[in-house]
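Asks: Attaching a single structure in structure tokens format; questions to follow.
Below, the structure is given as structure tokens:
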């Protein structure tokens, strides 16, 4: 006998056929959800072309690959590989202050030229040396003629003559004047107790001459003593010691400190 087939009702067959298609509906729903997810992700990650171009150019410029035509966000100086380690110009300073320092150097140089021109007329230019730094212009009374005898603060004729020429030029400028006294440390300073008193007497003598004979206003001038602590140079020969018996007249710069600190850079740039 044939096995009996279990008969199913019409409703049962329909239910079985419908179950075989249910997975396709779930799959379509999943694909739809994934598509929406990727659309959202794409929308969130859309690249701003303008910003991307600026970034690309900035990076290229910073690494020295290309020149930017639209933007350059690099700071400082891009040094070519072949120039790495070479000495360059230090630009780490305020441009406005640097320009003011140039003006100040020109001003101090102008005073130097005026003093030197006046001394040249009298044939005394070899008795004075000049230097410019952040303090101002130093007019150094030292040369072939000795301005002071050993252990003495008495102004020699050459000293008085030189001061008589320098005085009118100093009177014509508004700067403060510092008179700095110095001594030679190779001799006993007697009758002075020490080189400090000897150097102080020399600077005071020059100050008094400028005030009493050259008309220098007292409010614009003062004196100080360095004793023998600041020789002209180290290791001086025996015949050079007398050059430390000197007085420095300093025309003080009235520029702001930030400007005065750049004077050395200006002088170095000018060579």
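In our numbering, the protein residues as written are 2 to 272.
Even glycine gets a Cβ: it sits at the ideal position worked out from N, Cα and C.
Note that the coordinates shown come from a computational prediction; the quantities given were computed from them, not determined experimentally.
1. Measuring alpha carbon to alpha carbon, tell me which of 36, 100 and 35 ends up nearest residue 261.
2. Measuring straight from C-alpha to C-alpha, what distance separates residue 230 and residue 181?
3. Answer with buried or exposed for residue 32, where buried requires no fewer than 16 other C-beta atoms within 10 angstroms of its C-beta.
4. Would you grab the beta carbon distance between residue 253 and residue 176 for me? Rounded to a whole angstrom, and I think it's under 8 Å.
5. Quick check on residue 267: buried or exposed, where buried means 16 or more other Cβ atoms within 10 Å of its Cβ?
6. Taking a contact to mean a Cβ-Cβ separation below 9 Å, would you say residue 161 touches residue 210 in this structure?
7. Beta-carbon within less than 7 Å of residue 204's beta-carbon, same chain only, minus the 5 sequence neighbours each way: which residues are those?
8. Give the range of the alpha helix (DSSP H) segment to which residue 203 is assigned.
9. Under DSSP, the alpha helix (DSSP H) around residue 160 begins and ends at which residues?
10. Measure the alpha-carbon distance for residue 201 versus residue 212 and round it to whole angstroms.
11. Report the three-state DSSP secondary structure of residue 129 (helix, strand or coil).
Replies: Inspection of the coordinates gives the following:
1. Of 36, 100 and 35, the residue nearest in Cα terms is 100.
2. Cα-Cα distance, rounded: 12 Å.
3. With fewer than 16 Cβ atoms within 10 Å of its Cβ, residue 32 is classed as exposed.
4. That pair is a contact at about 6 Å.
5. Residue burial annotation: residue 267 is buried, with at least 16 other C-beta atoms found within 10 angstroms of its C-beta.
6. Yes, the pair counts as a contact, with Cβ atoms nearer than the cut-off.
7. Excluding positions up to five away in sequence, the list reads 180, 181, 182, 224, 225, 226 and 248.
8. Unbroken alpha helix (DSSP H) run through residue 203: 196 to 213.
9. Start and end: 158 to 172.
10. For the pair residue 201 and residue 212, the Cα-to-Cα distance works out to about 16 Å.
11. It is a strand residue.
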